[in-house]
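Heads up: the structure comes next, in structure tokens.
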Amino acid sequence: MEKNNLIKRMAVSEDARLKQIILTDKSRKLYEEISKAIDSIENKLCQNITPEEIKVFQIVLDKIRNNLE
Numbered sequence: 001m002e003k004n005n006l007i008k009r010m011a012v013s014e015d016a017r018l019k020q021i022i023l024t025d026k027s028r029k030l031y032e033e034i035s036k037a038i039d040s041i042e043n044k045l046c047q048n049i050t051p052e053e054i055k056v057f058q059i060v061l062d063k064i065r066n067n068l069e
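So that you can map any letter, position 65 of the sequence shown is 65 in UniProt numbering, and since no number is skipped, the others follow by simple counting.
Here's what the structure looks like:
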């Protein structure tokens, strides 16, 4: 990620063993683009589905997941 200019590693002055990871402007922009794309997909997926239907669906998914445990 550092090679792709997505993060920068900076030394921590209090402890030379530690490195602080900082997001670059490039990674922040990429995050915004991905976030917008995900929001768009979620909106398309949930079109014509009521909040109550989404709640019921989530309950069913939780029960299925619990059955797998």
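Beta carbons: idealized from backbone N, C-alpha and C, even for Gly.
Could you spell out the range, first to last residue, of the alpha helix (DSSP H) harbouring residue i?
i	result
K3	No alpha helix (DSSP H) contains K3, which DSSP labels as neither H nor E.
I64	P51 to L68
S13	S13 -> no alpha helix (DSSP H), and no H or E assigned at all.
N43	D25 to L45
Can you give me the C-alpha to C-alpha distance between residue i and residue j, rounded to a whole angstrom?
i	j	result
L30	K44	21 Å
F57	E33	28 Å
N5	P51	40 Å
V60	S35	27 Å
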